[in-house]
Every structure is written in structure tokens, then in C-alpha cells.
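Novice: Here it is, the structure, as C-alpha cells.
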Amino acid sequence: MPFASLGLTPELVRAVTEEGYAHPTPIQQETIPLALQGRDLIGSAQTGTGKTAAFMLPILQRLAPGPKHTLRALVLAPTRELAEQVLQSARTYGRHTRLSAAAIYGGVGMEPQTQALRRGVDIVVATPGRLLDHMERGHVDFSRLEVLVLDEADRMLDMGFAPDVRRILRALPAKRQTLLFSATISLEVDALARAALNGHASVEIGRRAQAADGIEHVIVAVDKLQKRAALAKILQAKPAGQTLVFTRTKYGADKLAGYLKKEGIPAHALHGDKAQSHRTRTLDAFRQGAAEILVATDIAARGIDVDGIRMVVNFDVPNDPETYVHRVGRTARAGARGLALTLLSPDEWLVMADIEKLIGQTFPREVIPGFGQCGTAGRDVGKNRTVSRVRRRRTSLPYASLLTQPPYVSSQALFSMET
Ligand code: AMP
8 MPFASLGLTP ELVRAVTEEG YAHPTPIQQE TIPLALQGRD LIGSAQTGTG
58 KTAAFMLPIL QRLAPGPKHT LRALVLAPTR ELAEQVLQSA RTYGRHTRLS
108 AAAIYGGVGM EPQTQALRRG VDIVVATPGR LLDHMERGHV DFSRLEVLVL
158 DEADRMLDMG FAPDVRRILR ALPAKRQTLL FSATISLEVD ALARAALNGH
208 ASVEIGRRAQ AADGIEHVIV AVDKLQKRAA LAKILQAKPA GQTLVFTRTK
258 YGADKLAGYL KKEGIPAHAL HGDKAQSHRT RTLDAFRQGA AEILVATDIA
308 ARGIDVDGIR MVVNFDVPND PETYVHRVGR TARAGARGLA LTLLSPDEWL
358 VMADIEKLIG QTFPREVIPG FGQCGTAGRD VGKNRTVSRV RRRRTSLPYA
408 SLLTQPPYVS SQALFSMET
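Going by the working numbering, the first residue of the sequence shown is number 8, and it counts up by one from there.
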């Protein structure tokens, strides 16, 4: 299906064609025609599915004919990185329109943002806290607002933005189009959606909590104390391409990056305590391939939109299954393939079982030569079921073709490495 058949104007079709998009992604096919009709939508979609274009293209189409330099679309996003990325998408897809966009987020000076708001922009992409700061100072005029997008609504709630978002909602015109996107539609997201939709009927699109098909999920059974060394071994053997390593804490990210560097593996840490300029620099280096290994916390990694990520490593198992879906969604983007490795120590098996349930697969278990801890993996859990699952080794590869299609990473290539 070509983009033009979705009802987009030639200048938008031209922009996506120039981006190299041949066909709309499934979420775009579902969302764009409905959004163009002005419908309110609740979209279940994570980053990596093309959801930014799914909401941005209809916004650009709606705003293109109207008055310029008038705030008519607001996108709320949980993190600066995501806000920055959505801004870039607005500029990329809107390059043949005369619309302008600005990002509003914390950690940087207020003044340039204030000036942009004063000059007048058509689309504002904002994190809730900083937007409220500007609203309180009277810098924002929502009287002409036509479209609101709540992007990554679940993460916005996880980060404690619910009161801020509700305050912003109260300041917006009741008559508007509202589009809400969330990787998972929990009860909390549902409640926020109801508040945002003002009693309007909405169309629900996308399947819930789904990891991309091109991801090969693999569990690496390893004792907690051996995780760092096991990771170093994996990274030394890793094929070319960017690797994103997730840790649960900022401190953990720093410590792990430091350890890897000592082992001669050039790794960079990315988390919310780093200065914004540092985060931007690190992310740019990663995006361009100058930095191949990034150790990040979940929040910092929210907006990472890098097509070349071949492998995601969960150094710590995430606290909840939805976070796992988000993490692994950084690889296998836009139809590519990737590998998601989870280093799993005995105390983490129960969470992992929930993750497998959500994804609907039992992931193969691997052991790195010299690091295998199969026999002990289930002991802390105390469930025979778990122990026997750990012991079961995989005999066939679900993505054997990965081996013959470089540069995609194959777990077999990693796990057949020499001790
Ligand atoms: P998103 O889910 O918005 O973060 O998009 C994920 C990635 O997919 C981005 O790098 C986009 O540039 C890319 N993308 C979006 N739509 C398409 C498409 N129709 N075809 C190919 N790539 C796309």
C-alpha cells in the first residue's frame, strides 16, 4: 500500500518518500486515515513502530492550510530525548510545508523556548513539567489549539507526570482532536485517556504490548556476581553495530560503563543525572556509530531512536514486563532484525516468567562457556518448574537465517564463542 492511498497530500508523501519510506507501517495504515478524519484515537504502539509519523503526518496535513505561527498542535512526551526526536520528525515530515515546530523541555535554558513561543510556532512538543513552567509565566496561548497528542502515555504516568498532564489538559480548549499513544494500555492509562478525551468516543488501534517480530529473545543464565564479566565477554564477541545495555539505576549505569572501559571495551553511560549537553553528545555519537556501546537507564533510553541497534542487553531484568517490551523495541526497528539478550540471575526468574507470558514465548536459555550457572539458577526460586526450564537447552535456532544475513546479530554466533 503506498502512502498516497492513505489520503496524504503530495508534499507529505514527498517528504516520507525522501526519507526512504516505501510503505506505511501497520500503525500508520490504521492511524493516518482515521486521524485525517479528525477522530480521537487511543493507539497501542511502542516506539519503533512508526507511530511518530502516524500522528505527525495527519497533524501536518491538518495545520498546513491554516494560519501560521499559531500554536495549534501540542505533543506531550515523557522525556527530553523523545521530545527532541518528535520535533525532528515534525521538521522532517513537514519540510515541504511552511509549518514551524519547537521543543520545550527542562534541563536547558528557558529563554530560547520563551522566544520561540513568543514568535509563534504551529507545533509544540513538550515535556509536561517545563511546559507548565511556561504556562505559569503566561508564555503559552492555547486558545487556537486543535490537536493534542499524548505520546508514551504509560511512561508519562510512570514518571509521575499525571498531575502535570491533568493540569495541562484543563488549560486546553475542550473542542480538539486528541490522540493518545501508549505501549501498554493499563488501567491508569485508560483513566488518563478518559480524562483527555472529555467523554468523546475514541477508536482504539494497534495490538497491545507486542515486541517486534524480528527480535530474537535469548536468556543468558548467569550468577549475579558474574554478570559484568559475562557482559564483557558478550561485548567482546559482538558483531558490528550499536548495542544498547540497560541497567536499572543511574549509579549502576555509571559503574558498569566504568567497568567495561577498564576491560578495554569503549562504553558510554547515558542517564538523567548527566548534563543535557552530555546526553545530546553521547546520543549523537551513538546515532552516528562513533560510540557503539551505550549503557543506559530506562528513562534516558526512552527516546533513543537509532535504526542500527543490533542488540539490546538487559543487564538487569526490568521491574515489569512492559518495560521489557520498551527496551527490546530499540532493536529490530522498522522491519529490521535484532537480538535481545537478558542476563538473568537466580533472583530474577519470576519477573522473567511474567515477561515471557506477556510476549507469549518461552525464550531460549543460553549459557556462556565458562559462566553457566544452570544448576543453581532455580534454587532461590525454589520451584522445580523453573529449574527444569533452565536446564532445557535449545536445539534449533528460531532465527537461523540470521546467521546468513550479516550484519544481523545471531545468538549462535555469540554463544559458540571460545572460552
Ligand atoms: P517511531 O516508532 O516513530 O519511533 O519510528 C521508528 C523508526 O521507523 C524511525 O526511525 C522512523 O524513521 C522509521 N519509520 C517510520 N515510518 C516508517 C516507514 N513507513 N517505513 C520505514 N521506516 C519508517
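Backbone N, C-alpha and C fix where the C-beta goes; we use that ideal spot for every residue, glycine too.
What's the C-alpha gap between residue 31 and residue 9?
Specialist: C-alpha separation (whole angstroms): 7 Å.
Novice: Return the CA-CA distance between residue 295 and residue 233, expressed in angstroms with no decimal places.
Specialist: Taking the straight line from one Cα to the other gives about 31 Å.
Novice: Any heavy atom of the ligand AMP closer than 8 Å to the Cβ of residue 291?
Specialist: Incorrect: residue 291 has no Cβ contact closer than 8 Å to the ligand AMP.
Novice: Measure the Cβ-Cβ separation of residue 275 and residue 371 and say whether it is below 9 Å.
Specialist: Cβ atoms of residue 275 and residue 371: not closer than 9 Å.
Novice: Give the straight-line distance between the Cα atoms of residue 24 and residue 99, rounded to the nearest whole angstrom.
Specialist: Roughly 11 Å separates the two Cα atoms.
Novice: For residue 351, does the three-state DSSP call read helix, strand or coil?
Specialist: Strand at residue 351.
Novice: Residue 4 and residue 227: beta carbons closer than 9 Å?
Specialist: Absent from the model: residue 4. The displayed extent of the chain is 8 to 426, so no value can be given.
Novice: Could you pull out every residue in the same chain whose Cβ sits closer than 8 Å to the Cβ of residue 250, ignoring the five residues on either side in sequence?
Specialist: 242, 299, 300, 301, 316, 317, 318, 319 and 320.
Novice: Is the beta carbon of residue 142 less than 9 Å from the beta carbon of residue 84?
Specialist: Cβ distance not < 9 Å, so residue 142 and residue 84 don't count as in contact.
Novice: Alpha carbon to alpha carbon, how far is residue 359 from residue 196?
Specialist: When rounded, the distance between both Cα atoms is 23 Å.
Novice: CB of residue 333 to nearest heavy atom of the ligand AMP: below 8 Å?
Specialist: No, the ligand AMP has no heavy atom inside 8 Å of this Cβ.
Novice: What is the residue span of the alpha helix (DSSP H) that residue 318 lies within?
Specialist: That residue, residue 318, is in no alpha helix (DSSP H); its beta strand (DSSP E) goes 316–321.
Novice: Give me the residue from 235, 45, 107 and 351 with the minimum Cα distance to residue 267.
Specialist: Nearest C-alpha to residue 267: 235.
Novice: Touching or not, the stretch 108–117 and the stretch 134–154, by the rule of three or more beta carbon pairs under 8 Å?
Specialist: Judged by Cβ distances under 8 Å, the stretch 108–117 makes contact with the stretch 134–154, as three or more pairs qualify.
Novice: Under the rule that 16 or more other beta-carbon atoms within 10 Å means buried, what is residue 282, buried or exposed?
Specialist: Exposed, because fewer than 16 other Cβ atoms sit within 10 Å of the Cβ of residue 282.
Novice: Can you tell me whether residue 312 sits near the ligand AMP, meaning its C-beta is under 8 Å from at least one heavy atom of the ligand?
Specialist: True, at least one ligand heavy atom lies under 8 Å from that Cβ.
Novice: Over the uninterrupted alpha helix (DSSP H) stretch that includes residue 285, give me the two end residues.
Specialist: Here the alpha helix (DSSP H) through residue 285 covers 283–295.
Novice: In three-state terms, what does DSSP make of residue 50?
Specialist: Three-state result, residue 50: strand.
Novice: Helix, strand or coil for residue 136 per DSSP?
Specialist: Helix.
Novice: I need the DSSP call for residue 411, collapsed to helix, strand or coil.
Specialist: Confidence at residue 411 is low in this model, with a pLDDT of 31, below 50, so the placement of that residue should be treated as unreliable; the coordinate-derived value is given next. Reduced to three states, the DSSP call for residue 411 is helix.
Novice: According to DSSP, simplified to helix, strand and coil, what is residue 39?
Specialist: Residue state, collapsed to three classes: helix.
Novice: What does a CB cutoff of less than 6 Å around residue 153 pick up in its chain, not counting 5 residues either side in sequence?
Specialist: Contacts found: 79 and 183.
Novice: Below 8 Å, can you find three or more Cβ-Cβ pairs linking the stretch 349–364 to the stretch 324–333?
Specialist: As far as the Cβ criterion goes, the stretch 349–364 touches the stretch 324–333, which means the pair count is three or higher.
Novice: Helix, strand or coil for residue 146 per DSSP?
Specialist: Looking at residue 146 - three-state DSSP - the assignment turns out to be coil, as it is neither helix nor strand.
Novice: Going along the chain, which residues of its own chain have a beta-carbon closer than 7 Å to the beta-carbon of residue 330, five neighbours each way excluded?
Specialist: Cβ neighbours of residue 330 beyond the five flanking positions: 305.
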